[in-house]
Amino acid sequence: MRRRVEQHRRQDARPQSANELIAFAQRLTRFGLWFGGALILAAAVLIGVDVTLRKFFNASIGGADELAGYALALGTAWSLGAALLDRAHIRIDSLYVLLPRWLRLSLDFAGLALFIAFFGLIAWHGWSVVQQSWMSGSRSQSALATPTVIPQSLWLLGLALFFVVGFALLAHAAILIARGNASAAEHAISTRSAAEEVQEEIRELWSGPRSGS
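Residue numbering for the sequence shown follows the numbering used here, beginning at 56 and increasing consecutively.
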């Protein structure tokens, strides 16, 4: 009797731990999304101010294009995790939708694993670049002479965040598949269906007037 109770407790704890794992990943990606969006917004404002100064005052901030390039790279890296959890990455699913469910889920899981491994490889080589920039004290060839280790380190942190979030999502999907919950696993890692896209659009339309009122 005690063994059965313990087994039920373990089974109940597994989905709870899986949900906590994905909730932690969502909190991380929310921070990364706000950070990346703030950088891109700041870059847009900086470019706008620089263009205005050149047009009307014949002056320039200097290095605005360089800083905007850093912001774009950092904003992209820090937003990758949120796009992964939201299943916003572009996929070509012309043949995918014709496959049986088990094969689609298998391909999704394998594709996610390869996707994470690819960015893990990029992060690994990126760490070597950061180390080299730190040891050599390299700076950008511009008027700002920015120490390249600063934007490179922030970029690498964004990739590391994506790797952690991707690994958490992969573990979450593996737990769901092991428990036989294929529908939840599909909702976590599979491409969005047309019905899901329509439901999200309807939800946004309904939430708009309510939030405004």
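Just so you know, even glycine gets a beta-carbon here, dropped at the ideal spot from N, CA and C.
(request) Please report the Cβ distance between Leu-199 and Gly-92, rounded to the nearest whole angstrom; I am assuming they are in contact, meaning their Cβ atoms lie under 8 Å. (result) No, Leu-199 and Gly-92 are not in contact; Cβ-Cβ is about 23 Å, not under 8 Å.
(request) For the segment 159 to 177 and the segment 227 to 243, state whether three or more C-beta atom pairs, one from each stretch, are separated by less than 8 Å. (result) yes
(request) Report buried or exposed for Pro-155, applying the criterion of at least 16 other Cβ atoms within 10 angstroms of its Cβ. (result) exposed
(request) Report buried or exposed for Phe-79, applying the criterion of at least 16 other Cβ atoms within 10 angstroms of its Cβ. (result) Under the 10 Å beta carbon count, Phe-79 is surrounded by fewer than 16 other beta carbons and is classified as exposed.
(message) If I follow the unbroken alpha helix (DSSP H) through Phe-112, where does it start and stop?
(response) Unbroken run through Phe-112: none, as it is neither H nor E.
(message) Please state the DSSP three-state secondary structure of Pro-155.
(response) coil
(message) Give me, in chain order, the residues of the same chain whose beta-carbon lies closer than 7 Å to that of Leu-140; leave out the 5 immediate sequence neighbours on both sides.
(response) Ala-80, Gln-81, Thr-84, Val-220, Leu-224
(request) Please check the pair Ser-42 and Thr-201, which I expect to be a contact at CB under 8 Å, by giving their CB distance rounded to whole angstroms. (result) Given a span of 56 to 268 for the chain in the structure shown, any question on residue 42 remains unanswerable.
(request) Compare the Cα-Cα distances from Gly-181 to each of Pro-206, Leu-211, Glu-255 and report the closest residue. (result) Leu-211
(message) According to DSSP, is Arg-194 part of a helix, a strand, or is it coil?
(response) In the structure shown, Arg-194 sits in a strand (DSSP, three-state: E or B).
(request) Work out the CA separation of Ser-238 and Val-100 for me, nearest whole Å. (result) 44 Å
(message) In whole angstroms, give me the CA-to-CA distance for Ile-257 and Ile-145.
(response) 21 Å
(request) Assuming Ala-137 contacts Leu-88 (C-beta within less than 8 Å), just tell me the rounded distance between them. (result) Their Cβ separation, rounded to whole angstroms, is 4 Å, which keeps Ala-137 and Leu-88 in contact under 8 Å.
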